[in-house]
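Asker:
Protein chains: 2
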Amino acid sequence: MTTDGVVEKATGRARGIDRVIGLMEYLHRRRAPARIADIARETGTPRSTMYELVNTLVEARWLEMRSDDGIVYFGPAMHYFGSDYLDSVDLIRKARTEVAHLSERMGETAQFCALEGNKYVVVLNEPGRRMFRISSEVGIKVPIPWTASGRLLVDHMGPSEILGFIPEEDFTLPDGRRIVQEEFLRDIAEARAAGFVRTTALVDRFTTCLAAPVRDAAGCCTATICFVVPADTEAEQQEEMIRLLKDSAARLSVPQ
Amino acid sequence: MTTDGVVEKATGRARGIDRVIGLMEYLHRRRAPARIADIARETGTPRSTMYELVNTLVEARWLEMRSDDGIVYFGPAMHYFGSDYLDSVDLIRKARTEVAHLSERMGETAQFCALEGNKYVVVLNEPGRRMFRISSEVGIKVPIPWTASGRLLVDHMGPSEILGFIPEEDFTLPDGRRIVQEEFLRDIAEARAAGFVRTTALVDRFTTCLAAPVRDAAGCCTATICFVVPADTEAEQQEEMIRLLKDSAARLSVPQ
DNA sequence: GCACCTTGTCCGATATTTCGGACTTCGGTC
DNA sequence: GACCGAAGTCCGAAATATCGGACAAGGTGC
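So the protein lines, in turn, are chains A and B.
The first sequence begins at 57 in my numbering and counts up by one.
The second sequence begins at 57 in my numbering and counts up by one.
1) For M80(A), which residues in chain B fall below 7 Å Cβ to Cβ?
2) Within this structure, are the beta carbons of L83(A) and A90(A) separated by less than 9 Å?
3) If T278(A) sits next to R271(A), beta carbons under 8 Å apart, how far is it from one beta carbon to the other, in whole angstroms?
4) Look at the alpha carbon of I200(A) and the alpha carbon of N174(A), and state the distance between them as a whole number of angstroms.
5) Heavy atom of the ligand FAD less than 8 Å from the Cβ of F168(B), yes or no?
6) Going by other Cβ atoms of all chains shown within 10 Å of its Cβ, with 16 needed for buried, is P311(B) buried or exposed?
7) Would you say P230(B) reaches chain A, if we count a Cβ-Cβ gap shorter than 9 Å as a contact?
8) To the nearest whole angstrom, what separates the beta carbons of F252(A) and A287(A), a pair I think is in contact under 8 Å?
9) Along chain A, in chain order, which residues have C-beta atoms closer than 9 Å to that of M213(B)?
10) How is the alpha helix (DSSP H) around I390(B) delimited, first residue to last?
11) Answer yes or no: does any C-beta atom of chain B fall closer than 9 Å to that of T58(A)?
12) Can you grab the Cα-Cα spacing for the pair R185(B) / S159(B), in whole Å?
13) Mind checking who L119(A) pairs with in its DSSP beta bridge?
14) Across the region 136 to 150 of chain A and the region 138 to 152 of chain B, are there enough close Cβ pairs to call them in contact, namely three or more that are closer than 8 Å?
15) Quick check: the region 95 to 102 of chain B against the region 145 to 152 of chain B, are at least 3 beta-carbon pairs closer than 8 Å?
16) Does the region 209 to 218 of chain A come close enough to the region 233 to 253 of chain A to have 3 or more Cβ pairs within less than 8 Å?
17) Just mark A166(B) as buried or exposed, buried being the case when its beta carbon has 16 or more other beta carbons within 10 Å.
18) What span of residues does the beta strand (DSSP E) with R271(A) cover, start to end?
19) Relative to the alpha-carbon of A204(A), which residue among R87(A), D226(A), G195(A), C282(A) has its alpha-carbon at the smallest distance?
20) Would a check of beta-carbon distances place V179(A) closer than 9 Å to chain B?
21) Taking buried to mean at least 16 other C-beta atoms within 10 Å of its own C-beta, is F168(A) buried or exposed?
22) For I281(A), write down the residues that DSSP places opposite it in a beta bridge.
23) Return the CA-CA distance between R86(B) and V114(B), expressed in angstroms with no decimal places.
24) Given a cut-off of 9 Å on the beta-carbon distance, is the pair G72(B) and I73(A) in contact?
25) Could you tell me which of M80(B), A170(B), G275(B), M162(B) sits nearest to V110(B), measuring between CA atoms?
26) Between A257(B), E154(B), R242(B), P269(B), which lies nearest to L209(B) when the distance is taken from Cα to Cα?
27) Kindly say whether A116(B), judged by its beta-carbon, lies nearer than 9 Å to any beta-carbon of chain A.
28) So, helix, strand or coil for I73(A), using DSSP?
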């Protein structure tokens with residue numbers, strides 16, 4: 057994966073701001089500090105340009121030098137801006153409280169998820185108290201059929217609309233298995249009727265995901281709130297989690 | 057307040073990236089969505105340039121159009137990058153758990169604070185359950201003497217070093233009152249001995265702040281964890297909070 | 001010691017981005 | 001209905017940011 061998105065003219069010249077966007081998105085995909093030269097190579101940016109830009113960004117604290125060895129990653133300024141964003145969106149602000157309560161109460165990973173285009177993203181993630189934390193990565197796009205929440209987030213569409221909306225290749229799981237479209241559509245209908253959804257061993261063999269829909273005034277599922285737990289979690293405990301999720305989801309939803 | 061920081065050549069020309077940094081910092085200071093024309097004026101950027109940049113940033117989801125009326129504010133990408141930052145810093149990741157527990161347990165606002173240069177900043181803020189939430193703003197620089205935590209964060213320095221480190225004008229509170237330097241130094245010594253600090257009615261007349269120090273291997277206070285509560289909170293409850301803070305702080309500190 | 005690779009800095013040329021200003025809409029006010 | 005200000009778009013000119021390549025400083029393997 058190289059340039060992606062950076063519009064270069066024929067000469068290979070690009071605006072600094074476009075280079076910076078490419079750089080930040082690269083770091084986000086990578087989810088780990090990177091060497092400047094690597095960033096330059098992977099984003100298709102000339103080395104001298106990248107050094108120049110990184111210096112500017114480090115000064116602004118958008119990036120941070122790690123282990124003063126030419127390794128950089130996101131800096132505190134990104135957290136401050138992101139925090140401003142979370143505070144500015146009413147639904148997300150309320151969801152933070154809910155997710156925190158859920159995670160604290162059950163000691164399991166709780167999340168708040170939504171659609172971004174035709175992909176699923178985790179918006180909020182509060183890890184549980186487990187040693188080996190089960191949790192997806194915030195802000196990473198994932199095919200809709202790979203997730204429990206995905207089955208709720210498209211439930212306002214008709215079957216053909218859903219299949220038109222989700223790219224064909226998204227029905228193939230990371231391990232190569234295929235999700236049968238009819239089963240997927242059936243899951244969606246059942247989830248809608250039940251007011252929650254449960255999936256087990258979808259992307260991860262030992263994980264169960266429980267999710268409840270957050271609905272807007274039109275009854276459209278705009279987001280979900282969910283637990284991510286080990287697949288062998290006691291049935292009774294799962295029932296309690298579903299109750300809690302439904303309560304939280306109701307508080308976040310616009311009363312019908 | 058205009059340009060601030062944006063290095064303009066004599067002609068008034070500046071790099072796009074510098075303009076963008078100015079724009080984001082303006083929004084952060086403002087803490088509210090802004091009209092594009094206002095951003096341009098307030099940051100000293102030509103209007104046509106600002107429109108161009110905002111379009112680019114909206115497309116990248118760094119900014120978001122609010123109410124499609126030319127009003128913009130931070131977008132989800134900032135949250136994703138900020139989230140990556142939080143996860144990448146070990147101390148902050150641990151502090152998130154502590155702050156969440158504290159806030160949940162007592163129902164009051166809990167925070168994790170640090171120094172940024174010679175100013176104090178709130179890094180993590182978990183609001184309590186109060187109707188009128190008492191809470192400072194994440195990522196906003198505040199003079200050290202205005203805060204309880206500030207009295208811990210400089211306790212590795214000598215008196216003259218401290219007074220040299222903190223700008224003279226930072227001893228003046230927002231309402232014009234002066235903090236006497238000798239008293240400030242005494243507070244610091246007492247706080248160090250007690251292992252916590254309490255301040256009341258410093259910036260805000262009705263607020264008490266309780267803080268405990270997080271120390272590194274050298275015993276230097278690199279951060280604090282604190283509660284922000286109404287000044288009339290029962291003494292007994294405050295004692296419990298102090299106990300909780302000390303426990304949390306100990307878990308975050310490097311064992312001496 | 002030598003060859004080789006990587007990191008980081010520096011410099012001049014030129015392709016391009018920024019900038020100012022003109023212009024069109026739109027909405028409100030008198 | 002005329003006037004005014006604000007929002008947004010468009011365009012050509014020129015100041016300059018980006019780029020390639022050269023270079024120095026380390027580090028490593030043989």
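Just so it is clear, CB atoms sit at the ideal spot from N, CA and C, and this is done for glycine as well.
Every value quoted in this text rests on a predicted model; they were computed, and no experiment measured them.
Answerer: Taking the coordinates as given:
1) Result: F137.
2) Contact: yes.
3) Correct: roughly 7 Å between the Cβ atoms.
4) Using only the alpha carbons, I get a separation of about 7 Å.
5) You won't find the ligand FAD in this model; it holds no ligand whatsoever.
6) Result: exposed.
7) So no, P230(B) is outside the interface.
8) So it is not a contact: roughly 17 Å between Cβ atoms.
9) Those within 9 Å of M213(B) in chain A number zero; the least Cβ separation is about 22 Å.
10) Nothing in the structure corresponds to residue 390(B), since chain B is present only between 57 and 312.
11) Bear in mind that a pLDDT of 41 at T58(A), under 50, signals an unreliable position, so the number given afterwards is only what the model happens to contain. No, its Cβ sits nowhere closer than 9 Å to a Cβ of chain B.
12) Distance between R185(B) and S159(B), taken at the CA atoms: about 8 Å.
13) L119(A) pairs with F130(A).
14) Touching, yes.
15) Taking a cut-off of 8 Å on C-beta distances, the region 145 to 152 of chain B does not touch the region 95 to 102 of chain B, as fewer than three cross pairs fall below it.
16) Two segments are said to touch when three or more pairs of C-beta atoms, one from each, lie closer than 8 Å; by this definition the region 209 to 218 of chain A touches the region 233 to 253 of chain A.
17) Around the beta carbon of A166(B), 16 or more other beta carbons lie within 10 angstroms, which makes this residue buried.
18) Judged by DSSP secondary structure, R271(A) falls within the beta strand (DSSP E) whose first and last residues are 263 to 271.
19) With distances taken between CA atoms, A204(A) lies nearest to C282(A) out of R87(A), D226(A), G195(A), C282(A).
20) True, the Cβ-Cβ gap to chain B drops below 9 Å.
21) The residue is buried, with at least 16 neighbouring Cβ atoms inside 10 Å.
22) Its beta-bridge partners are F168(A), A268(A).
23) Distance between the alpha carbons of R86(B) and V114(B): 19 Å.
24) With respect to I73(A), G72(B) sits close: the two C-beta atoms are nearer than 9 Å.
25) The shortest Cα separation from V110(B) among M80(B), A170(B), G275(B), M162(B) belongs to M80(B).
26) Measuring from the Cα of L209(B), the nearest candidate turns out to be P269(B).
27) Any Cβ of chain A closer than 9 Å to the Cβ of A116(B) would place that residue at the interface, and such an atom is present.
28) Of the three classes helix, strand and coil, the one that applies to I73(A) here is helix, per DSSP.
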